[in-house]
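Beneath this line is the structure, given in structure tokens, with notes to follow.
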Amino acid sequence: MVVPRVQAAIASAFGEEYRGTDPVVRPSQFADIQINAAMALAKKVGLPPRDAAARIVEALDLDGVCTEAEISGPGFINLTFDGTWIEELLNAETPGVQAVPPAEAQRVVVDYSSPNVAKEMHVGHLRTTVVGDSLVKVFEALGDTVIRQNHIGDWGTPFGMLIEHWLEIGEDSPEAALLVDDPSAFYQAARAKFDASATDEDGFATRARLRVVALQGGDQETFAVWQRLVAQSKRYFNAIYSMLGISLTDDHIAGESSYDAHLAQLCQELEDRGIARISDGALCTFPAGFTGRDGLPMPLIIRKSDGGYGYGTTDLATIRYRVRELEANRVLYVVGAPQNMHLRMVMATARDAGWLPDTVEAVHVQIGNVLGRTGRS
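Using the numbering used here, the first residue of the sequence shown is number 578, and each one after it goes up by one.
Set out below in structure tokens:
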């Protein structure tokens with residue numbers, strides 16, 4: 578839609594013989610797109626590039642499509658799209674394209690986004706969010722029943738630190754508002770206090786560790802603060818989802834805390850059936866086909882030596898729940914590529930336990946790392 582308007586403006590400014598001119602559309606660091614046609618037209622029309630660009634902008638009809646056209650540098654035209662136009666374009670039904678149900682519609686569970694409470698969503702979360710939501714819409718267009726699962730990080734050791742920090746600063750303090758406005762700053766402030774008091778027996782770090790025990794033990798005051806932290810983070814998540822046009826809502830949240838009550842029984846079942854055994858004090862499974870550099874079987878830790886649970890435990894609980902309770906035919910994990918080995922071991926253990934039958938397909942939709950200038954993610 579933009580290209581014909583630019584070509585019409587060029588024809589209006591310089592004559593019909595120039596209507597077929599390539600607008601030379603490029604990405605712009607200052608707007609949504611950049612039109613570079615004036616650079617190539619300048620000599621042909623006998624004008625400096627900026628003057629040629631000004632003539633194009635003057636003749637350009639942007640109504641309903643762009644909110645701004647600005648000339649920069651030697652003659653670049655930067656265009657900023659109208660958000661309403663983009664939304665209408667995305668929501669418009671494409672003529673001739675209809676949902677075509679497969680021979681047998683499936684129940685597809687898609688695990689994506691999965692940010693952490695009290696932390697900023699980084700670029701990896703944004704990628705899985707966008708890719709996952711795109712897959713959801715494709716499956717729905719094919720006639721499948723799609724179940725969104727946002728497996729947020731809302732449980733575990735860091736929450737002792739975060740809850741203790743919240744209690745110290747107070748719910749109405751400016752620092753507490755950072756949980757929505759700048760989650761990274763809130764988390765870093767708590768972490769700084771924790772690290773600074775690591776050797777103080779009566780300091781913040783000690784109180785934070787005790788707060789974890791209180792949370793896992795069901796202490797009402799601690800649990801109430803935990804609920805506030807989660808609620809504040811949901812506001813932040815939803816603001817990001819709204820900006821990106823993502824279909825996730827609070828109804829799709831199934832965080833780590835959802836499975837906490839089932840983890841002990843899950844471990845016991847695996848141990849009773851001989852699928853898991855104690856190794857160096859931890860309860861582990863050793864699915865076939867996974868070996869370390871030393872050639873020895875690689876463990877999937879499902880209960881740590883201190884009695885705590887990790888990602889292996891909660892991921893096994895999620896896959897069991899999605900097959901048993903959500904009756905999934907397919908389960909997609911839109912998760913970063915570095916988690917591939919972990920997820921394959923979880924899936925293998927789930928199949929050994931009978932929680933993931935051969936009739937159910939489990940797929941890791943791998944999202945590659947985004948590397949900075951130093952080459953690190």
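C-beta atoms are modelled at their ideal positions from N, C-alpha and C, and glycine is treated no differently.
**Message:** Do Leu893 and Thr926 have their beta-carbon atoms positioned less than 8 Å apart in this structure?
**Reply:** To locate residue 926, count along the sequence shown from 1; it is residue 349. To locate residue 893, count along the sequence shown from 1; it is residue 316. A contact, by the Cβ cut-off of 8 Å.
**Item:** Strand pairing of Thr862, partner residues [DSSP]
**Value:** On the sequence shown, residue 862 is found 285 positions in, with the first residue counted as 1. Answer by DSSP bridge pairing, in chain order: Ala853 and Leu877.
**Item:** N- and C-terminal bounds of the alpha helix (DSSP H) containing Phe800
**Value:** What you label residue 800 is simply residue 223 of the sequence shown in a count that begins at 1. It spans Gln797 to Leu821 - the alpha helix (DSSP H) in which Phe800 sits, taken as one unbroken run.
**Prompt:** Are Arg684 and Pro651 closer than 8 Å when you measure CB to CB?
**Reply:** Looking up residue 684 in the sequence shown gives position 107. Looking up residue 651 in the sequence shown gives position 74. Contact flag unset, no.
**Prompt:** According to DSSP, is Glu904 helix, strand or coil?
**Reply:** The sequence position of residue 904 within the sequence shown is 327, counting from 1. If DSSP states are grouped into helix, strand and coil, Glu904 belongs with coil.
**Message:** Assess contact between the segment 729–743 and the segment 785–805, defined as three or more Cβ pairs (one per stretch) separated by less than 8 Å. Is contact present?
**Reply:** yes
**Message:** Among the candidates Asn815, Leu847 and Asp828, whose CA atom is the shortest distance from the CA of Gly703?
**Reply:** Taking the first residue of the sequence shown as 1, we reach residue 703 at position 126. Correcting the residue identity first, residue 703 is Leu in this sequence and not Gly. Out of Asn815, Leu847 and Asp828, Asn815 has the C-alpha closest to the C-alpha of Leu703.
**Prompt:** Rounded to a whole number of angstroms, what is the C-alpha to C-alpha distance between Ile746 and Asp837?
**Reply:** What you label residue 746 is simply residue 169 of the sequence shown in a count that begins at 1. What you label residue 837 is simply residue 260 of the sequence shown in a count that begins at 1. Going by the C-alpha atoms only, they are around 28 Å apart.
**Message:** For Gln611, count the other beta carbons within 10 Å of its own beta carbon; 16 or more makes it buried, fewer makes it exposed. Which is it?
**Reply:** Reading the sequence shown from its first residue, position 34 is the one you call residue 611. Buried, because 16 or more other Cβ atoms sit within 10 Å of the Cβ of Gln611.
**Asked** Do you know how far the Cα of Glu697 is from the Cα of Gly730?
**Response** Sequence index remark: in the sequence shown, residue 730 carries index 153 (1-based). Sequence index remark: in the sequence shown, residue 697 carries index 120 (1-based). The straight-line gap from Cα to Cα measures roughly 12 Å.
**Request:** Compare the C-alpha of Ala590 against each of Lys770, Gly623 and Glu645 and name the closest.
**Result:** Residue numbering aside, residue 590 sits at position 13 when the sequence shown is read from its first letter. Ala590 has its Cα closest to that of Gly623, out of Lys770, Gly623 and Glu645.
**Prompt:** Helix or strand or just coil, what does DSSP make of Val790?
**Reply:** What you label residue 790 is simply residue 213 of the sequence shown in a count that begins at 1. In this structure, Val790 counts as helix in the three-state DSSP scheme.
**Request:** Between the Cα of Val583 and those of Pro600, Glu593, Ser761 and Gln842, spot the shortest distance and give me the residue it belongs to.
**Result:** For the purposes of this step, residue 583 is taken as the residue at position 6 of the sequence shown. Among Pro600, Glu593, Ser761 and Gln842, the Cα nearest to that of Val583 belongs to Pro600.
**Given 8 Å, three or more beta-carbon pairs between the segment 851–868 and the segment 794–801** = no
**Asked** Based on the DSSP secondary-structure assignment, which residues constitute the bridge partners of Pro626?
**Response** Here residue 626 is taken as the residue at index 49 of the sequence shown, counted from 1. Paired residues: none, contrary to the question.
**Message:** Please tell me whether Asn655 has its Cβ less than 8 Å away from any Cβ of chain D.
**Reply:** Within the model displayed, chain D is absent; a lone protein chain is all it includes.
**Asked** Can you tell me whether DSSP reads Thr734 as helix, strand or coil?
**Response** Reading the sequence shown from its first residue, position 157 is the one you call residue 734. Coil at Thr734, not helix or strand.
**Request:** Grab the span of the alpha helix (DSSP H) containing His728 for me, first residue to last.
**Result:** Position 151 of the sequence shown, counting from 1, holds the residue named residue 728. Per DSSP, His728 belongs to no alpha helix (DSSP H) and is neither H nor E.
**Message:** Can you tell me whether Leu656 is helix, strand or coil according to DSSP?
**Reply:** Working through the sequence shown from its first residue, we reach residue 656 at position 79. Leu656: strand per DSSP, three-state reduction.
**Item:** CB of Leu739 within 8 Å of CB of Leu656, strictly
**Value:** Translated into positions along the sequence shown, residue 739 becomes position 162. Translated into positions along the sequence shown, residue 656 becomes position 79. The answer is no: Cβ separation not under 8 Å.
**Prompt:** How many Å lie between Arg928 and Asp935 at the Cα?
**Reply:** As a position in the sequence shown, residue 928 is number 351, starting the count at 1. As a position in the sequence shown, residue 935 is number 358, starting the count at 1. Near 8 Å, if we compare the C-alpha coordinates of Asp935 and Arg928.
**Message:** Is it buried or exposed, Met820, if we count other Cβ atoms within 10 angstroms and call 16 or more buried?
**Reply:** As a position in the sequence shown, residue 820 is number 243, starting the count at 1. Met820 should be labelled exposed.
**Message:** For Ala695 and Asp777, I'd like the C-alpha separation in whole angstroms.
**Reply:** Your numbering for residue 695 matches position 118 in the sequence shown. Your numbering for residue 777 matches position 200 in the sequence shown. Cα to Cα, Ala695 sits roughly 25 Å from Asp777.
**Prompt:** Which whole-angstrom value describes the C-beta separation of Leu933 and Ile896, a residue pair presumed to lie in contact below a C-beta threshold of 8 Å?
**Reply:** Walking along the sequence shown from the start, residue 933 turns up at place 356. Walking along the sequence shown from the start, residue 896 turns up at place 319. With a Cβ gap of about 6 Å, Leu933 and Ile896 count as contacting.
**Message:** Three Cβ pairs or more, each shorter than 8 Å: is that satisfied between the segment 706–720 and the segment 821–830?
**Reply:** yes
**Asked** When burial is assigned at 16 or more other CB atoms within 10 Å of the CB, is Ala682 buried or exposed?
**Response** Position 105 of the sequence shown, counted from the start, is the residue given in the question as residue 682. Its Cβ having fewer than 16 others within 10 Å, Ala682 is exposed.
**Message:** Using CA atoms only, rank isn't needed, just tell me which of Gly931, Glu938, Pro915 and Arg921 is closest to Asn906.
**Reply:** One-based indexing of the sequence shown puts residue 906 at position 329. Ranking the options by Cα distance to Asn906, first place goes to Glu938.
**Asked** From Val715 to Ser774, what does the alpha carbon distance come to, in whole angstroms?
**Response** Mapped onto the sequence shown, residue 715 falls at position 138. Mapped onto the sequence shown, residue 774 falls at position 197. Each residue's Cα considered, the two are about 50 Å apart.
**Asked** With 16 other CB atoms within 10 Å as the buried threshold, where does Gln726 fall?
**Response** On the sequence shown, position 149 is the one that residue 726 refers to. So Gln726 counts as buried.
**Prompt:** Which value, in whole angstroms, describes the spacing of the CA atoms of Arg632 and Leu719?
**Reply:** Position 55 of the sequence shown, counted from the start, is the residue given in the question as residue 632. Position 142 of the sequence shown, counted from the start, is the residue given in the question as residue 719. Taking the straight line from one Cα to the other gives about 47 Å.
**Request:** May I ask you to report which of helix, strand or coil DSSP gives Glu594?
**Result:** Along the sequence shown, read from residue 1 onward, the residue named residue 594 stands at position 17. Helix, per DSSP.
**Item:** Distance between Tyr689 and Pro751 (C-alpha atoms, nearest Å)
**Value:** The residue labelled residue 751 in the question sits at position 174 within the sequence shown. The residue labelled residue 689 in the question sits at position 112 within the sequence shown. Each residue's alpha carbon lies about 32 Å from the other.
**Request:** Just confirm the distance between the C-beta atoms of Met922 and Leu860, as a whole number of angstroms; I'd bet it's less than 8 Å.
**Result:** What you label residue 922 is simply residue 345 of the sequence shown in a count that begins at 1. What you label residue 860 is simply residue 283 of the sequence shown in a count that begins at 1. That belief does not hold up - the Cβ atoms of Met922 and Leu860 are roughly 14 Å apart, past 8 Å.
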